[in-house]
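In this note's numbering, the protein residues as written are 20 to 325. Every residue gets a Cβ at the ideal spot worked out from N, C-alpha and C, and that includes glycine. Bear in mind the structure is a predicted one, so any value in this text is a computation, not a measurement.
Structural data, given as structure tokens:
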């Protein structure tokens, strides 16, 4: 069963398959060549803007110092149905090898089909979620988004990322997290028994910003930058709150519920323009206050220690 929620043009949704949560998204870059107009699209995908840009800058810098026959290698851990694998290959071109791994066989099958459809050369393979099937220091960069929160043993998982990454290699990751102290509305609702996380049953490893930093540093990563994502989510992503609030009694959270209904209606009525504006706001918010605010979810830009 496929369900798409809210922002249809982005194809954000889930497929439930034997208890596994599967996300199917399309690549940001649709054409054979990535134009400057395509790069501008990343302004409306805040997480990918930071993660892709970090790897892009690292690859360009390192490739300038290499022979033409020595590729820059990227590993996408938790590649899903292959959208980011395709994006990174198109963005960085022939001198870059992109490999994706995932723990769900259906996602790997869908990724292979999607890669073939987009006419790029990239590899994807199934792995057991514990030991990556690669030798030590195999990759120049690791990309991983919305994965850590689903991992049972986070310390071992991070150790594996570090093992296959070259010394000084780039880590570009988005991690789900516990609610931070600045997630005021979500904390207010949670203290009163309402968890608005629609994927709570799948998020088994949620940690605070402090604990995430501790885990990363203990796995021999150094963190260059860390940004929180969408502090003002109640106002810009009312669709995330709508279903949970709608299920409560009419008198419970009456003011928040009324505000949410209005915001949800306005965003739906003016979609896709409202969606684009909200995503652009998210990017600006991360750039201005993202380093200091603790909300929910963090962009992590780091490196393996040399």
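Limits of the unbroken beta strand (DSSP E) element including residue i
{"i": "residue 142", "result": "142-145"}
{"i": "residue 168", "result": "Note, residue 168: premise wrong, no beta strand (DSSP E); not H, not E."}
{"i": "residue 318", "result": "317-323"}
{"i": "residue 92", "result": "91-96"}
{"i": "residue 121", "result": "115-121"}
Option in the options with minimal Cα separation from residue i
{"i": "residue 46", "options": "160, 100 and 321", "result": "100"}
{"i": "residue 156", "options": "94, 128 and 255", "result": "94"}
{"i": "residue 147", "options": "122, 308, 131 and 325", "result": "122"}
{"i": "residue 320", "options": "245, 103, 222 and 71", "result": "245"}
{"i": "residue 312", "options": "280, 284 and 248", "result": "248"}
{"i": "residue 310", "options": "243, 285 and 262", "result": "243"}
{"i": "residue 71", "options": "51, 117 and 275", "result": "117"}
{"i": "residue 174", "options": "189, 239 and 134", "result": "239"}
{"i": "residue 88", "options": "73, 171, 114 and 102", "result": "114"}
Local Cβ density within 10 Å of residue i, reported as buried at 16 or more and exposed below that
{"i": "residue 291", "result": "exposed"}
{"i": "residue 126", "result": "buried"}
{"i": "residue 28", "result": "Residue confidence for residue 28 is low, a pLDDT of 35 falling below 50, so the modelled location carries little weight; the figure read from the coordinates is stated next. So residue 28 ends up on the exposed side."}
{"i": "residue 76", "result": "exposed"}
{"i": "residue 315", "result": "buried"}
{"i": "residue 322", "result": "buried"}
{"i": "residue 281", "result": "exposed"}
Cut-off 7 Å between Cβ atoms - residues of its own chain near residue i, not counting five sequence neighbours on either side
{"i": "residue 96", "result": "120, 161, 163, 166 and 180"}
{"i": "residue 299", "result": "62 and 63"}
{"i": "residue 139", "result": "105, 108 and 109"}
{"i": "residue 98", "result": "104, 119, 120, 121, 130 and 143"}
{"i": "residue 68", "result": "61, 62 and 302"}
Span of the alpha helix (DSSP H) around residue i
{"i": "residue 195", "result": "No alpha helix (DSSP H) contains residue 195, which DSSP labels as neither H nor E."}
{"i": "residue 301", "result": "292-308"}
{"i": "residue 57", "result": "55-60"}
{"i": "residue 241", "result": "First-last for residue 241: 240-247, but that is the beta strand (DSSP E), not the alpha helix (DSSP H)."}
{"i": "residue 127", "result": "124-136"}
{"i": "residue 76", "result": "65-82"}
Cutoff 6 Å; reference residue i; Cβ partners in own chain excluding five residues on either side
{"i": "residue 153", "result": "183"}
{"i": "residue 151", "result": "179 and 183"}
{"i": "residue 25", "result": "Unreliable positioning characterises residue 25 in this predicted model, as indicated by a pLDDT of 31, which lies under 50. The coordinate reading is nonetheless provided below. Result list for residue 25: 258, in chain order."}
Own chain, CB closer than 8 Å to residue i, minus 5 neighbours either side, in chain order
{"i": "residue 79", "result": "none"}
Q: Decide yes or no for the touch test of the stretch 194-210 against the stretch 239-254: beta carbon pairs closer than 8 Å, at least 3 of them.
A: yes
Q: Would you be able to state if there are at least three C-beta pairs under 8 Å between the stretch 235-242 and the stretch 264-272?
A: no
Q: Would you be able to state if there are at least three C-beta pairs under 8 Å between the stretch 218-233 and the stretch 194-201?
A: With the cut-off at 8 Å, the stretch 194-201 and the stretch 218-233 touch.
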